[in-house]
Amino acid sequence: MSAGGEHLKDEGSKRQTVLAGGAAGLISRFCIAPLDVVKIRLQLQVHSLSDPLSHQTINGPIYKGTRSTMQDIVRQEGITGLWKGNVPAELMYVCYGALQFTAYRTITQALEQMGPYRLPQSAESFVSGALAGGIATATTYPLDLLRTRFAAQGNERIYRSLSSSLREIAQQEGTKGFFRGCSAAVVQIVPYMGLFFTAYEGFRPVLAQWEQLPLGTGDAAAGVLASVIAKTGVFPLDLVRKRLQVQGPTRTRYVHRNIPEYTGVMQSIGLILRTQGVRGLYRGLTVSLLKAAPASAITMWTYERALKMLQETGILA
Numbered sequence: 000m001s002a003g004g005e006h007l008k009d010e011g012s013k014r015q016t017v018l019a020g021g022a023a024g025l026i027s028r029f030c031i032a033p034l035d036v037v038k039i040r041l042q043l044q045v046h047s048l049s050d051p052l053s054h055q056t057i058n059g060p061i062y063k064g065t066r067s068t069m070q071d072i073v074r075q076e077g078i079t080g081l082w083k084g085n086v087p088a089e090l091m092y093v094c095y096g097a098l099q100f101t102a103y104r105t106i107t108q109a110l111e112q113m114g115p116y117r118l119p120q121s122a123e124s125f126v127s128g129a130l131a132g133g134i135a136t137a138t139t140y141p142l143d144l145l146r147t148r149f150a151a152q153g154n155e156r157i158y159r160s161l162s163s164s165l166r167e168i169a170q171q172e173g174t175k176g177f178f179r180g181c182s183a184a185v186v187q188i189v190p191y192m193g194l195f196f197t198a199y200e201g202f203r204p205v206l207a208q209w210e211q212l213p214l215g216t217g218d219a220a221a222g223v224l225a226s227v228i229a230k231t232g233v234f235p236l237d238l239v240r241k242r243l244q245v246q247g248p249t250r251t252r253y254v255h256r257n258i259p260e261y262t263g264v265m266q267s268i269g270l271i272l273r274t275q276g277v278r279g280l281y282r283g284l285t286v287s288l289l290k291a292a293p294a295s296a297i298t299m300w301t302y303e304r305a306l307k308m309l310q311e312t313g314i315l316a
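With numbering that gives the first Met the number 0 applied, the sequence shown covers 0 to 316.
Rendered as structure tokens:
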């Protein structure tokens, strides 16, 4: 992986790399959109699956697992239901990638100028990654919120279009309406980065000794395992973020009409623990982990081919 990684870094101009990365993100996002919609629907589901009696008062669908949830959405809302929220999500991916890339580069260069007070390289990567992720997350958060709200819509269309959603949220909820749950999203970045790098550095030397791994290299396998651990560790914050994003005047109009009223991160976690137990904080985790592998595979496949095409045509050389 290291040799291949160094080779990739030498290929193409910076502009070609950014364009190829953007194309990879867009296509990858489109392909995994159905899994993302399923994840959001499961994260917003608050009623118990093990207690049939609790279903009697539910006005809305009852989802049980990734496959059946996907089938239910197609049956009740049509195939396009699996791509609800894809437009703001695509915009978010493009803007997020550009901001993260720019911020990471700027912060890294600033840290390199600290002279005798310079941090170890691993610490620089962690600080740069966490700050860049936080900046990109906060800046693109309104698009993330819109992605969730569109994906949470059932057959009743709360928002007719991207422009109308922006207008209605601004009129009904004000500027703060676009940033519901943003604190959970930003706070999620630091522990995610910490867990990822800690797990990655722990797994890498062990897996490097194994030959003929199904993922090709020890680095790739270590990256997948680290991603699973990190995603699992911070998943409750991701779930809380989704619950907070659908608060406001439209809370009872989404496909799940019994979403409780949450007012903050800690209050949300406490309420979920009291009413749904620890398992309630991990609804949708399985599909979240399932979409990581195809997303990475599609991203890399598209990136390599897009970059090769740009090089052959000389575009942005």
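Beta carbons: idealized from backbone N, C-alpha and C, even for Gly.
Treat the numbers as computed from the prediction; the structure is a model and nothing was measured.
Exposed is the label assigned to Q170, since fewer than 16 other Cβ atoms lie within 10 Å of its Cβ. Taking all protein chains shown into account, S164 has 16 or more neighbouring C-beta atoms within 10 Å of its C-beta and is therefore buried. Assignment of E260 by DSSP, reduced to helix, strand and coil, places it in the coil class. Cα atoms of T68 and T79: separation of roughly 14 Å, rounded to the nearest angstrom. Across the structure, Q266 and L306 are spaced so that their CA atoms are roughly 46 Å apart.
Here M308 is exposed, its C-beta having fewer than 16 other C-beta atoms within 10 Å. Taken through DSSP and simplified to helix, strand or coil, Y103 comes out as helix.
In the structure shown, S27 falls within a helical segment according to DSSP collapsed to helix, strand and coil. The stretch 121 to 128 makes no contact with the stretch 218 to 235: fewer than 3 CB pairs, one atom from each, lie closer than 8 Å.
The beta carbon of K38 is closer than 6 Å to those of G283, V286 and S287 in its chain, skipping five residues each way along the sequence. At a Cβ-Cβ threshold of 9 Å, F195 and S226 count as neighbours. Ranked by Cα distance from A151, the first of Y92, R273, A19 and L243 is L243. Assigned with DSSP and collapsed to three states, V45 falls in coil, not helix or strand. Judged by DSSP in its simplified three-state form, N85 adopts helix. Straight-line spacing of the CA atoms in A135 and Y95 works out to 5 Å. Taking a cut-off of 8 Å on C-beta distances, the stretch 273 to 280 does not touch the stretch 173 to 181, as fewer than three cross pairs fall below it.
At a cut-off of 4 residues, the continuous stretches assigned as alpha helix (DSSP H) that sit fully inside the stretch 131 to 161 are 140 to 151. Where T65 is concerned, the enclosing alpha helix (DSSP H) starts and stops at T65 to E76. The continuous alpha helix (DSSP H) containing S182 extends over residues C181 to L206. Residue nearest to I258 within the set L41, I168, R28 and I26 is L41 (criterion: CA-CA distance). At a Cβ-Cβ threshold of 9 Å, V233 and Y261 do not count as neighbours.
CA-CA distance, Y281 to P235, rounds to 6 Å. The beta-carbon separation of K230 and T147, rounded to 17 Å, does not stay under the 8 Å limit for a contact.
A Cβ-Cβ contact shorter than 9 Å links A22 with T301.
The shortest CA-to-CA distance from T65 to any of D35, E76 and E89 is the one to D35.
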